[in-house]
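Residue numbers (full-length UniProt numbering), protein chains in the order written: chain A, 1 to 205; chain B, 1 to 205. Cβ atoms here follow ideal geometry from the backbone N, Cα and C, with glycine treated the same way. These figures come from a predicted structure and were not determined experimentally. Below: the structure, in structure tokens.
So this is what it looks like as structure tokens:
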């Protein structure tokens, strides 16, 4: 792509550094900003820089937060002895939006993925193990992706906790609500049969 | 979407103001920036703000430019008497990349579209008409989208030039190079028969 303007080329280049934004999309976005009032560009630039420089990670659960300790961890109505282990803030938001969970979270900041060069030491696994070993936790709920990497991470943490008396569970894998059996993949369907639940239990919630 | 952080919420909101970027995509992009070095965010913010405040429109062709007069207009090797009328800078870039055009451009900044509230006075049509009436132009080549709006804009400019002696042409519409006839739409195919060219001419270029 040949640009007639260095300023434009530079802006398009920086925009195209974002994931799944190619050169063409970046050009479209940047030209859009040029057609809008200058204030919109200023607000976007300020919001991004402000976020990057001011944002903190909650020192308890490592979730993204404006404060030293996030709103969830500092909420006295929530059960600190039940901890849901998730990958990142999007999972916290997804679980929060169900309204079904009243414990605390622990955000790992990723999952173990040798292919991407992410090992256990790149994640907040140690603080979690410490917390559990101090006896502060009664139940750990793994809520990671149902992938090889997610399963590896679950298993790695589980092994770290050998000998510690604690209830460890993982969220149920099964047929999505509203899904038809004939279209479900066999692994999910197989797991949903193995992990079947008492019918009375399924009537709740 | 419920955010645990106002800073994050604000950044996602501003990002989602860009076209075709929804809240979820915006969140993904912003979280990506958070995982990268701070410098990347700074560079992006600076590039956008710098572009928005420093960019100029060439006072001759109204293309986006770093200078008062763009590189194409100030190039003495190009024919100023042949002007290609386009919608925006992306069309200039597309035509330039063919290497087939050695004239100048005139960027309208859009096309007439009553549905979007864009009338002739919102576009750089008057300066083009002035240029032509001063006798500075020998040929005008319309290279706008093959849409209702494009055709309307072509026709509007053509009417403005009534009585002025000038050659006005429009880029050829026809079957794309490499396309199969059976899959071409009938309007394009029909036009390509009406506007057939001498075979000898098709052997060139």
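- Cβ-Cβ distances below 8 Å link residue 171 of chain A to 141, 142 and 143 in the same chain, with the five nearest sequence neighbours on each side left out; the list follows chain order.
- Scanning A:202, A:187, A:131 and A:125 for the CA closest to the CA of residue 147 of chain A turns up A:187.
- Sixteen is the threshold: when 16 or more other Cβ atoms of the shown chains lie within 10 Å of the Cβ of residue 49 of chain A, as they do, the residue is buried.
- Secondary structure note for residue 62 of chain A: it is in no beta strand (DSSP E), with a DSSP letter that is neither H nor E.
- Where residue 139 of chain A is concerned, the enclosing beta strand (DSSP E) starts and stops at 139-142.
- Counting C-beta pairs with one atom in each stretch, the region 112-121 of chain B and the region 63-76 of chain B have fewer than three that are closer than 8 Å, which means they do not touch.
- For the 8 Å CB-CB criterion, residue 156 of chain B and residue 127 of chain B do not form a contact.
- Within a 10 Å sphere around the beta-carbon of residue 12 of chain A sit 16 or more other beta-carbons, which makes this residue buried.
- Residue environment for residue 98 of chain A: exposed (fewer than 16 other C-beta atoms within 10 angstroms of its C-beta).
- For residue 145 of chain A and residue 83 of chain B, the gap between their C-alpha atoms comes out near 57 Å.
- At the C-beta level, residue 129 of chain A and residue 107 of chain A stay beyond 8 Å of one another.
- In summary, the residues of the UniProt domain "Toprim" (81-176) of chain B whose CB is separated from some CB of chain A by less than 8 Å are 88, 89, 90, 92, 93, 96 and 97, in the order they occur in the chain.
- Restricting attention to beta strand (DSSP E) runs no shorter than 3 residues, the region 98-166 of chain B encloses them at 103-107 and 139-142, ordered along the chain.
- Beyond the five residues adjoining it in sequence on each side, residue 41 of chain B comes within less than 7 Å, by CB distance, of 33 in the same chain, given in chain order.
- Residue 168 of chain A is bridged by DSSP to A:140.
- Contact annotation: in the region 51-69 of chain B, residues whose CB is within less than 8 Å of a CB in chain A are 51, 52, 53, 54, 55, 63, 64, 65 and 66.
- Positions of the alpha helix (DSSP H) runs, each at least 4 residues long and wholly inside the region 22-48 of chain A, are given as 23-35 in order along the chain.
- In the structure shown, residue 85 of chain B falls within a strand segment according to DSSP collapsed to helix, strand and coil.
- Within the region 3-27 of chain B, the residues whose Cβ lies closer than 9 Å to any Cβ of chain A are, in chain order, 3, 4, 5, 6, 7, 8, 10, 11, 12, 13, 14, 15, 17, 18, 19, 20, 21, 24, 25 and 27.
- Using a Cβ distance threshold of 8 Å, residue 79 of chain B and residue 103 of chain B count as a contacting pair.
- Within chain A, the C-beta atoms nearer than 9 Å to that of residue 1 of chain B come from 93 and 97, in chain order.
- Residue 43 of chain B belongs to the set of residues whose beta carbon lies under 8 Å from a beta carbon in chain A.
- Contact annotation: residue 138 of chain A and residue 167 of chain A have beta-carbon atoms nearer than 8 Å.
- Under a 10 Å Cβ-count criterion, residue 123 of chain B is classified as buried, with 16 or more other Cβ atoms of the shown protein chains found around its own Cβ.
- Proximity of residue 194 of chain A to chain B, defined by a Cβ-Cβ separation below 8 Å, is not satisfied.
- Taking the CA atoms as reference points, residue 189 of chain B sits about 7 Å from residue 175 of chain B.
- Rounded to whole angstroms, the separation of the alpha carbons of residue 67 of chain B and residue 135 of chain B is 26 Å.
- Rounded to the nearest whole angstrom, the C-alpha separation of residue 57 of chain A and residue 64 of chain A is 5 Å.
- Look at residue 72 of chain A: its C-beta is under 8 Å from a C-beta on chain B.
- Residue 27 of chain B places its beta carbon 8 Å or farther from that of residue 196 of chain A.
- With fewer than 16 other Cβ atoms from the protein chains shown falling within 10 Å of its own Cβ, residue 183 of chain B counts as exposed.
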